[in-house]
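Here the UniProt record's numbering is used: the first residue of the sequence shown is 1, the next is one more, and so on.
The beta carbon of each residue, even a glycine, is placed where N, CA and C say it ideally should be.
Since this is a predicted model, take the numbers as computed values, not measurements.
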Amino acid sequence: MRSARAIPKINSAPPAASPCSLDGSVSPQMMQKARDKLRELRALQDDGLLSEQEFERRKNAILDAEYAPPGATPAPLPVRQGTELGFMTGQEIGPQNRRYRLERLIGTGGMGQVWQATDLATHAELGSSEMVALKILPPQLTQSATHAKLLIEEATQARKLAHENIVRVYEWAQDPATASYFIIMECLDGEDLEHYLGRQGVLPLSTVQELLQPVAEALSYAWEKHKLVHRDIKPGNVFLTAKGDVKLLDYGIASRVRNADSSLALDMPNAGTHGYRAPEAGANQRQPSPRLDVYAVAVMIYQMLEGRMPFDDARSASHLPSAPQALNAQQWQVLQNGFSLTAELRPQSVQALLEGLERAAGPSPEELAEQARQQQARAAQQQKEAALAAEQAREAALKEARVRQEELDQRRKAEIQAAALEKQRQDKLRREQEAQRHFEAEEARKLRKEALRGQLRARREADAATALQEHQELQRKAIVAKAEAAYRAEQERARREEASRAAAQQQQP
């Protein structure tokens with residue numbers, strides 16, 4: 001795949017004919033088509049590829065598309081049989097709530113075509129949108145339930161692969177008008193390794209290791225976290241982005257370790273690409289091994305180092321390719337183990353293969369023997385230089401003794417200076433402590449004085465309160481005495497008046 005170009009403006013397509021009859025009723029053909037789609041959708045849910053919520057959402061989309069009244073919404077362009085390059089450019093596909101416009105065919109492989117597309121829903125909502133990549137099942141395979149399940153399983157599994165070196169898969173969908181399934185992925189800017197090798201030719205081993213290390217990390221992640229094997233490793237599925245990242249593409253035939261009663265068999269005779277496909281890849285494998293990918297990567301390493309494939313179209317057990325010039329004997333043996341016809345002889349993972357090449361990068365036995373001969377020659381020269389070295393050593397020892405004495409003198413001087421500084425520091429600390437004690441004593445005296453003043457104020461306030469109470473008591477007693485005198489005077493007056501009235505009554509005849 002090449003880097004993305006500017007997207008040309010696409011004219012809108014005319015609406016297609018409605019599947020409804022002229023009077024607005026639903027035709028039997030349309031009803032049967034909708035039932036077939038719903039049965040396929042239910043099969044996907046039974047296989048665990050759809051949740052209940054996703055099943056309901058996609059079922060409603062199919063029903064909305066099939067049972068819409070005439071003239072309700074424009075239908076997308078009809079898909080013609082055949083897959084000519086650019087034939088579908090400008091077509092809009094997808095369910096009504098998530099439409100995509102196909103802009104450019106950017107690759108083919110695995111089970112379908114890959115198109116650069118515009119997300120029309122996002123564009124309508126935000127005014128702009130980034131390009132996405134759509135992997136579409138070919139029209140001639142639309143009626144194959146097996147291929148549809150494989151495509152949906154690819155998207156379901158690939159959505160779980162969150163790794164910086166694996167192309168990001170967002171969602172899968174089905175176009176109601178054409179019944180075609182497709183996967184929505186991130187659109188990459190750059191070129192695949194196949195085109196890169198076509199431009200660069202032979203690569204040094206360091207570059208090979210640098211390009212394949214991200215691939216090894218992506219494969220290890222997919223296996224360790226999700227038990228997925230890629231099964232189609234080749235230069236066309238390794239993408240080099242314009243930013244310098246390496247992305248692993250096309251988990252379209254990736255295999256997961258399953259139980260024997262899985263509803264979707266994993267034995268795909270055409271799994272992988274010829275030349276990179278391990279011999280056991282065509283077998284009925286219920287438990288695929290990462291060694292499938294090790295074989296493909298070992299072939300790629302040879303291709304990247306030599307600029308050609310290690311084997312012809314028909315590989316035989318007796319044929320052995322020539323060793324790459326960039327590898328020593330140990331590394332060549334590691335690489336041969338990588339594309340061994342016997343899977344058990346290969347390293348357990350691509351990471352182990354690259355680490356094996358790294359460990360074997362040391363010298364060969366022949367190189368070690370030559371190094372030993374050179375070492376013996378150097379030993380003779382070293383013996384001649386030994387006497388001179390001894391004399392130089394004695395002079396160096398004397399010089400070192402003088403240096404040590406000077407260092408000792410300097411150290412003693414530094415210790416004396418340090419002791420003087422320490423005494424100054426101790427004196428200063430003592431003065432600061434005395435000043436602190438004096439300050440604290442003065443503060444304590446002030447506090448005691450303030451406490452005495454408070455006590456005196458309290459006593460005065462208590463005396464004043466007592467005097468006030470006594471004064472008030474005297475006033476109360478005076479008031480009581482005055483009241484008692486007034487009461488007695490009133491009583492006395494009353495007696496006198498009574499006596500006067502009595503006397504007056506007696507005087508009356």
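Quiz item: Taking one C-beta from the region 180-195 and one from the region 235-243 each time, how about it: are there three or more such pairs within less than 8 angstroms?
Solution: The count of Cβ pairs closer than 8 angstroms, one atom from the region 180-195 and one from the region 235-243, reaches three, so the stretches are in contact.
Quiz item: Span of the beta strand (DSSP E) holding G112?
Solution: First-last of the beta strand (DSSP E) with G112: G112 to D119.
Quiz item: Taking C-beta to C-beta, are L357 and Q325 nearer than 8 angstroms?
Solution: Going by beta carbons, L357 and Q325 fall outside the 8 angstroms limit.
Quiz item: Can you check whether the CB of Y251 is closer than 8 angstroms to the CB of H163?
Solution: No, Cβ-Cβ distance for H163 and Y251 is not below 8 angstroms.
Practice problem: Tell me whether the beta-carbon of S180 lies closer than 8 angstroms to the beta-carbon of L219. | Solution: No. Outside cutoff.
Quiz prompt | T146 in three-state terms, based on DSSP | solution = Helix at T146.
Quiz item: With C-beta atoms as the reference, is Y276 less than 8 angstroms away from M304?
Solution: Against a cut-off of 8 angstroms, the Cβ pair of M304 and Y276 comes out as no contact.
Quiz prompt | CA-to-CA distance, N165 to A117, given in whole angstroms | solution = Cα to Cα, A117 sits roughly 22 angstroms from N165.
Exercise. Would you list the one or two residues that DSSP bridges to K247?
Key: Beta-bridge pairing links K247 to F239.
Exercise. Return helix, strand or coil for R104, following the three-state DSSP convention.
Key: Looking at R104 - three-state DSSP - the assignment turns out to be strand.
Self-check item: Continuous beta strand (DSSP E) stretch holding D192: start and end
Solution: That run of the beta strand (DSSP E) goes G190 to D192.
Quiz item: So L248 and V167 are in contact, right, with Cβ under 8 angstroms, and what is the actual spacing, rounded?
Solution: The beta-carbon separation of L248 and V167, rounded to 7 angstroms, stays under the 8 angstroms limit for a contact.
Quiz item: Just the Cα atoms here: how many angstroms apart are Q424 and R430?
Solution: Roughly 10 angstroms separates the two Cα atoms.
Quiz item: Skipping 5 residues on each side, what residues in its chain have a beta carbon closer than 7 angstroms to that of A298?
Solution: Cβ neighbours of A298 beyond the five flanking positions: L335, G338, F339 and L353.
Quiz item: Quick one: Cα of R291 to Cα of E130, how far?
Solution: Looking at the two C-alpha atoms, the distance is approximately 37 angstroms.
Practice problem: Put Q174 into one of helix, strand or coil per three-state DSSP. | Solution: Strand.
Quiz item: Counting contacts by CB-CB distance shorter than 8 angstroms, is E306 in contact with chain D?
Solution: Included in the structure is just one protein chain, with no chain D present.
Practice problem: Compare the beta carbon distance of A155 and W172 with 8 angstroms and say whether it is the shorter of the two. | Solution: Going by C-beta atoms, A155 is nearer than 8 angstroms to W172.
Quiz item: From D36 to Q113, what distance separates their C-alpha atoms?
Solution: Here the C-alpha atom of D36 lies approximately 24 angstroms from the C-alpha atom of Q113.
Quiz item: Out of Q200, E492 and N237, which has the shortest C-alpha to C-alpha gap to I106?
Solution: Of the listed residues, the one whose Cα sits closest to I106 is N237.
Exercise. Determine the contact status of R99 and A133, defining contact as a CB-CB distance below 8 angstroms.
Key: R99 places its beta carbon 8 angstroms or farther from that of A133.
Quiz item: Looking at the structure shown, is F182 part of a helix, part of a strand, or coil, going by DSSP?
Solution: Residue state for F182 is assigned as strand, using DSSP reduced to three classes.
Practice problem: Note down the Cα distance separating K413 from A360, rounded to an integer number of angstroms. | Solution: When rounded, the separation of the alpha-carbon atoms in K413 and A360 is 57 angstroms.
Exercise. Please state if the CB of E92 and the CB of R104 are separated by a distance shorter than 8 angstroms.
Key: Taking 8 angstroms as the Cβ cut-off, R104 and E92 do not qualify as a contacting pair.
Exercise. Look up V350 in the DSSP assignment and say whether it is helix, strand or coil.
Key: Helix at V350.
Quiz item: What are the start and end residues of the beta strand (DSSP E) that includes A133?
Solution: M131 to I136 is the span of the beta strand (DSSP E), which, as asked, contains A133.
Quiz item: By Cβ distance below 7 angstroms, which residues in the same chain neighbour T73 in space, the five residues on each side in sequence not counted?
Solution: With a pLDDT of 43 at T73, under the threshold of 50, the modelled position of that residue is not reliable, and no figure is offered here.
Self-check item: Distance, K384 Cα to T207 Cα
Solution: Distance between the alpha carbons of T207 and K384 is about 45 angstroms.
Quiz item: Apart from the five residues on each side of it in sequence, which residues of its chain come closer than 6 angstroms, Cβ to Cβ, to W223?
Solution: Excluding its 5 nearest sequence neighbours in each direction, W223 has C-beta neighbours in its own chain below 6 angstroms: P290, listed in chain order.
Practice problem: Mind checking which residues open and close the alpha helix (DSSP H) that includes H319? | Solution: H319: not part of any alpha helix (DSSP H); DSSP gives it neither H nor E.
Quiz item: What residue range is occupied by the uninterrupted alpha helix (DSSP H) comprising K225?
Solution: L205 to H226 is the extent of the alpha helix (DSSP H) around K225.
Practice problem: Might you give, ordered along the chain, the residues of its own chain that have their beta carbon closer than 8 angstroms to the beta carbon of Q351, omitting 5 neighbours on each side? | Solution: The residues A216, E217, L219 and S220, in chain order, have a CB closer than 8 angstroms to that of Q351 in the same chain once the five nearest residues on each side in sequence are set aside.
Self-check item: Where K449 falls, given that 16 or more other Cβ within 10 Å makes a residue buried
Solution: Around the C-beta of K449, fewer than 16 other C-beta atoms lie within 10 Å, and the residue is accordingly described as exposed.
Self-check item: Simplified DSSP assignment, three categories, for E92
Solution: Secondary structure of E92 (DSSP, three-state): strand.
Quiz item: Where does V167 fall in DSSP's three states?
Solution: DSSP places V167 in coil when its eight states are reduced to three.
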